[in-house]
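See below for the structure under consideration.
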Amino acid sequence: MNTNTPGTHTPNTPAANNPFARLPEAAPFTVTSTTVTDGAPWPPEQHASAVPGGKDLSPQLSWNGAPQGTKSYAVTVYDPDAPTGSGFWHWAVADIPATVTELPEGAGDDTGSHLPDGAFQLPNDARATRYIGAAPPAGHGPHRYFVVVHALDVASIGVPADATPAILGFTMAGHILGRAVLTATAQTPA
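Counting from 1, position 111 in the sequence shown corresponds to residue 111 in the UniProt record's numbering; the numbering is continuous, with no gaps.
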């Protein structure tokens, strides 16, 4: 039974807007970054170029402890707090070989030249095939950016390079062995 009164909204809290709430459970493993600390604000360079100091620079990521049987990884950066009704995908990389456990800062540039062989970027919600930095609307409050490394049971997830991150997520749902999550934040004052 829906107890919400028309015209009201649920507060934008982590419990009310958990992007993993309805996904299959996955074994946890560890992701760290020299760029950002879990729970901390993005540094200026990881903001969109339209934001003062922003450079659209993807974060450095390292991971370990993935479940046995991992055959590839995917990396996504998602803001569930964007005022779109569906969040905002900032970055998606598929088919990272299982032997790779790190991406350097800036790997998500226009060319993807610092991605490992076989890996590819999908267009984000701005339809750019690269990482696009944080740029929450002024006065909208804090946004969370879920940086996720997905350990998969297939060497190639089988989505086309022009697929959306949502299609990648849907296709991965039945192949996720593990999930490593780091959360960054950003807020633009009113």
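Note that CB positions come from ideal geometry on N, CA and C, so glycine has one too. Remember, predicted model here, so these are calculated numbers, not experimental data.
Find out if the Cβ-Cβ distance for the pair residue 60, residue 184 is shorter than 9 Å.
If you number the sequence shown from 1, residue 60 lands on position 60. If you number the sequence shown from 1, residue 184 lands on position 184. Against a cut-off of 9 Å, the Cβ pair of residue 184 and residue 60 comes out as no contact.
Apart from the five residues on each side of it in sequence, which residues of its chain come closer than 7 Å, Cβ to Cβ, to residue 106?
Sequence index remark: in the sequence shown, residue 106 carries index 106 (1-based). Once the five neighbours on either side are set aside, the close Cβ partners of residue 106 are 57, 58, 114.
Specify whether the segment 76-89 and the segment 135-151 touch according to this definition: at least 3 beta carbon pairs, one from each stretch, less than 8 Å apart.
Yes, the segment 76-89 is in contact with the segment 135-151.
With C-beta atoms as the reference, is residue 118 less than 9 Å away from residue 132?
By one-based count along the sequence shown, residue 118 stands at place 118. By one-based count along the sequence shown, residue 132 stands at place 132. No. Outside cutoff.
Helix, strand or coil for residue 171 per DSSP?
Residue 171 sits at position 171 when you count from the first residue of the sequence shown. Three-state result, residue 171: helix.
Could you check whether residue 66 and residue 178 sit closer than 9 Å to each other, using their CB atoms as the reference points?
Here residue 178 corresponds to residue number 178 of the sequence shown, with the count starting at 1. Here residue 66 corresponds to residue number 66 of the sequence shown, with the count starting at 1. Yes.
Please classify residue 144 as buried or exposed, where buried requires at least 16 neighbouring CB atoms within 10 angstroms.
To locate residue 144, count along the sequence shown from 1; it is residue 144. It is buried - the Cβ of residue 144 has at least 16 other Cβ atoms within 10 Å.
Could you tell me which residues DSSP puts in a beta bridge with residue 183?
The count along the sequence shown starts at 1 and reaches residue 183 at position 183. Its beta-bridge partners are 146.
With a CB to CB cut of under 6 Å and the five nearest residues on each side skipped, what residues in its chain are close to residue 98?
Here residue 98 is taken as the residue at index 98 of the sequence shown, counted from 1. Closer than 6 Å at Cβ, skipping near neighbours: 70, 71, 72.
Could you name each continuous beta strand (DSSP E) segment of 3 residues or more that falls completely within the segment 93-172, going from the start of the chain to the end?
If we require 3 residues or more, the beta strand (DSSP E) runs fully inside the segment 93-172 come out as 143-152.
How should residue 68 be labelled, buried or exposed, when 16 other C-beta atoms within 10 angstroms of its C-beta is the threshold for buried?
In the sequence shown, counting from the first residue as 1, residue 68 sits at position 68. The residue in question, residue 68, is exposed, as its Cβ has fewer than 16 Cβ neighbours within 10 Å.
DSSP three-state label for residue 28, please.
Residue mapping note: residue 28 aligns to position 28 of the sequence shown, counting from 1. Three-state result, residue 28: strand.
Judging by CA-CA distance, which residue of 102, 112, 146, 163 is the nearest neighbour of residue 123?
Residue 123 sits at position 123 when you count from the first residue of the sequence shown. That would be 163, whose Cα lies nearest to the Cα of residue 123.
Just to confirm my understanding: we take residue 85, look at its own chain, exclude 5 residues before and 5 after, and list those with CB closer than 7 Å. What are they?
Counting from 1 along the sequence shown, the entry for residue 85 is found at position 85. Nothing meets the Cβ criterion.
Cα-Cα, which of 189, 157, 41 is closest to residue 121?
Taking the sequence shown and counting its residues from 1, one reaches residue 121 at position 121. Considering only alpha carbons, the answer is 157.
Count the other CB atoms within 10 Å of the CB of residue 39; is the residue buried (16 or more) or exposed (fewer)?
Numbered from its first residue, the sequence shown carries residue 39 at position 39. Exposed: under 16 other Cβ atoms inside 10 Å.
Would residue 24 and residue 176 be called neighbours here (beta carbons separated by less than 9 Å)?
For the purposes of this step, residue 24 is taken as the residue at position 24 of the sequence shown. For the purposes of this step, residue 176 is taken as the residue at position 176 of the sequence shown. It is a contact, given that the beta carbons lie within the stated cut-off.
In this structure, does DSSP put residue 44 in helix, strand or coil?
As a position in the sequence shown, residue 44 is number 44, starting the count at 1. If DSSP states are grouped into helix, strand and coil, residue 44 belongs with the helices.
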